[in-house]
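Visitor: Got a structure for you, questions after.
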Amino acid sequence: MKQQSIDNQLIESGAIKLTIKEYSEAFGVSDTTTRTRVREQQVQAYKQNNKWLIEVDRNEIPSPVVSSDNQLISESDTLTKLLDAKEQQIAQLEATISHLKVRLDQADERSERQDAIIMKQTLMISGKGASIWQRLRDLFGGVEART
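In this text, residue positions in the sequence shown follow numbering that gives the first Met the number 0: the first is 0, and each later residue adds one.
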C-alpha cells in the first residue's frame, strides 16, 4: 500500500487519520464529543506519540459544500414560507381595506341623505308663514335633484 503525507494526515487506500481537533472540525462537533466517541469506541482510534488518531474513511467526512448547500436550501425554504405568509397577510389586509371603503362610502351616502332631510325640514319650518307655492318652490328649488 502506498502512503502519502498530506497536512499531517496519513492516507492509506481511502482511510484518513485525523487528530481529535481535525475530526471535531471535519464533523462539526466539539472536542469533548470527539473524546467521548473515542472513549466509548464509537470511532476507530489509537494513540500514537501521545496523540489520539482517529481513522476515518475519506468518504465519511461531510463535504462543507454539501452542508452549505443544504443550509442554503433550508434557509430558502424558510424564506419562501415567510414570503407566502406575508403575501397571505397582505391579501387579507387588502380585503379588509376594500370592505372598509365600501362601509365608508355607505356612511357618506347616509350622511348626505340625512343632510338633505334636515335641509328640507329646515326649509319647511322656516316657510310656515309662506304660501304653499313658495314652500314648494323652496323645497324643490333649494335642493338639487338626485339621479
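Ideal Cβ positions, reconstructed from N, Cα and C, are used throughout, including at glycine. Treat the numbers as computed from the prediction; the structure is a model and nothing was measured.
For a quick check, are the C-beta atoms of Thr33 and Val42 less than 9 Å apart?
Guide: It is a contact, given that the beta carbons lie within the stated cut-off.
Visitor: Return helix, strand or coil for Asn55, following the three-state DSSP convention.
Guide: In the sequence on display, residue 55 carries Val and not Asn. Of the three classes helix, strand and coil, the one that applies to Val55 here is strand, per DSSP.
Visitor: What's the C-alpha gap between Gly27 and Ile60?
Guide: Roughly 10 Å between the two C-alpha positions.
Visitor: Smallest Cα separation from Ile124: which of Leu138, Glu111, Gln113, Arg38?
Guide: Considering only alpha carbons, the answer is Leu138.
Visitor: Is the beta carbon of Thr79 closer than 9 Å to that of Leu52?
Guide: Against a cut-off of 9 Å, the Cβ pair of Thr79 and Leu52 comes out as no contact.
Visitor: Considering just the uninterrupted stretch of the alpha helix (DSSP H) at Ile15, what are its terminal residues?
Guide: Taken as a continuous stretch (DSSP letters only), Ile15 belongs to no alpha helix (DSSP H), being part of the beta strand (DSSP E) at 14-18.
Visitor: Taking buried to mean at least 16 other C-beta atoms within 10 Å of its own C-beta, is Ile72 buried or exposed?
Guide: Exposed.
Visitor: Ignore the nearest five residues each way along the sequence and tell me which others in Asn7's own chain have a CB closer than 7 Å to its CB.
Guide: Low confidence applies here, because Asn7 scores a pLDDT of 44, under 50, leaving its location unreliable; read the following figure in that light. So no residue of the chain qualifies.
Visitor: By Cβ distance below 8 Å, which residues in the same chain neighbour Leu135 in space, the five residues on each side in sequence not counted?
Guide: Around Leu135: no qualifying Cβ.
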